[in-house]
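Engineer: Residue numbers (my numbering): 18 to 326.
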Ligand code: ASP
Ligand code: MG
């Protein structure tokens, strides 16, 4: 390849990145408008928490460790997610949302998954006294509106991709149904077959997802899965607010008590709530049909890939 050709290819990739980032800017604006109009208070993120999301047990997580920072005699954890803080925020403030930077040190094998980053931002929200159905309806309103607002965005023309056609309400399955049909790797297989996002409900995972009181062993949680093989978009749940099951499940999962002491001390008067979080980079990847979620980051954070800047 001659120097001139290399420059031309470099320039056009830069144009494509500019188009993606222009779309990102408008996605963020519309997301902010949506939550504002729905009556949510936007909070600023916490980055160092006295307790944070354990990210497990969750079959989807390969996180190697949670970063600990000892500072002035206290131990802090770099935020895996703001879920535990959201439980206090929803009690004290009401409907809240946050653009929350998360660090999740996934294993190097996740490099090729196309959807994992070790640093990303999620739109994380929580609603007091809501049920899962309320959250799913809100998420469907959000995507329907985003799709219609962005339909004529110039980035789609420039990137030569079809704008998304979100047509909710979306189908809902339990993970048991999906596993029976597609096996343990259901997420990828079912996502490839779908042409609309769909809900996957009832995972056994972190202690803060509420167990169904009428159906023990089943959980009142939900993931949204993108179609065409793009996989997980969002995860959320109705929450455990009663300290007794919270303690029992932390013990069942073998979680180190010291890491949750700050949370447990204050979790004596939590309220019922439900919410979810969706990755902004994964959303953008889906919108522009990028082959890897790192492709939509100006500063790539792909596990197992050398990071330049
Ligand atoms: N934010 C998610 C939730 O609301 C948890 C996560 O980040 O995985 O459940
Ligand atoms: Mg999760």
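In this text, a Cβ means the ideal position worked out from N, Cα and C, and glycines have one as well.
The model shown is predicted, which means the values in this text are computed figures rather than measured ones.
For residue 149, report the span of its alpha helix (DSSP H) as first-last.
Structural biologist: Unbroken alpha helix (DSSP H) run through residue 149: 149–167.
Engineer: Can you look up residue 20 in the DSSP assignment and give me helix, strand or coil?
Structural biologist: With a pLDDT of 45 at residue 20, under the threshold of 50, the modelled position of this residue cannot be trusted; read the value that follows with caution. Reduced to three states, the DSSP call for residue 20 is helix.
Engineer: Short check: CB of residue 303 to CB of residue 162, under 8 Å?
Structural biologist: Contact flag unset, no.
Engineer: Going by the C-beta, is residue 104 closer than 7 Å to any heavy atom of the ligand ASP?
Structural biologist: Residue 104 Cβ: outside cutoff for every heavy atom of the ligand ASP.
Engineer: Whole angstroms is fine: what's the gap from residue 283's alpha carbon to residue 246's?
Structural biologist: Using only the alpha carbons, I get a separation of about 41 Å.
Engineer: Is residue 292 a contact residue of the ligand ASP, with contact defined as CB to any heavy atom under 7 Å?
Structural biologist: At least one heavy atom of the ligand ASP is nearer than 7 Å to the Cβ of residue 292, so yes.
Engineer: Residue 105 and residue 66 look like a contact to me (Cβ under 8 Å); what is the Cβ gap, rounded to whole Å?
Structural biologist: Actually they are not in contact, since the Cβ atoms of residue 105 and residue 66 sit about 11 Å apart, beyond 8 Å.
Engineer: Check the C-beta distance from residue 41 over to residue 149 and give it rounded, since I have them as a contact under 8 Å.
Structural biologist: Actually they are not in contact, since the Cβ atoms of residue 41 and residue 149 sit about 29 Å apart, beyond 8 Å.
Engineer: Which residues in the same chain as residue 324 place their Cβ atom closer than 6 Å to its Cβ, once the five residues preceding and following it in sequence are excluded?
Structural biologist: Correct list: empty, nothing qualifies.
Engineer: Is residue 88 buried or exposed, if buried means 16 or more other CB atoms sit within 10 Å of its CB?
Structural biologist: Answer is exposed; the Cβ neighbour count stays below 16.
Engineer: Report yes or no: do three or more beta-carbon pairs, one from the region 210–218 and one from the region 62–78, lie closer than 8 Å?
Structural biologist: The answer is no - the region 62–78 does not touch the region 210–218, with fewer than three Cβ pairs under 8 Å.
Engineer: Grab the span of the alpha helix (DSSP H) containing residue 263 for me, first residue to last.
Structural biologist: Its alpha helix (DSSP H) spans residues 260–269.
Engineer: Could you give the distance in angstroms between the alpha-carbon of residue 19 and the alpha-carbon of residue 317?
Structural biologist: Its pLDDT being 44, under 50, residue 19 is placed unreliably by the model, and the measurement read from it follows with that caveat. So the two alpha carbons sit approximately 27 Å from each other.
Engineer: Counting only runs that start and end within the region 204–274, where is the alpha helix (DSSP H) found for 4 or more residues in a row?
Structural biologist: Segments of the alpha helix (DSSP H) lying fully in the region 204–274: 260–269.
Engineer: Straight-line CA distance for residue 23 to residue 31?
Structural biologist: Residue confidence is low: residue 23 scores 47 on pLDDT, short of 50, so the model does not pin down where it sits. Its coordinate-derived value is still stated next. Their backbone Cα atoms lie some 12 Å apart in a straight line.
Engineer: For residue 183, tell me which candidate among 107, 194, 168 and 256 has the shortest Cα-Cα distance.
Structural biologist: Residue 183 has its Cα closest to that of 168, out of 107, 194, 168 and 256.
Engineer: Below 8 Å CB to CB, which residues in the same chain sit around residue 315 once its five sequence neighbours on both sides are set aside?
Structural biologist: Excluding residues within five positions, the ones whose Cβ falls inside 8 Å are 34 and 38.
Engineer: DSSP has residue 14 in a bridge; who is on the other side?
Structural biologist: Given that the chain is displayed from residue 18 to residue 326, the structure contains no residue 14 and the question cannot be resolved.
Engineer: Where does residue 319 fall in DSSP's three states?
Structural biologist: Of the three classes helix, strand and coil, the one that applies to residue 319 here is coil, per DSSP.
Engineer: If you draw a straight line from the C-alpha of residue 73 to the C-alpha of residue 306, how long is it?
Structural biologist: Computed Cα separation, rounded: 29 Å.
Engineer: With a threshold of 16 other CB atoms inside 10 Å of the CB of residue 234, please say whether the residue is buried or exposed.
Structural biologist: So residue 234 ends up on the exposed side.
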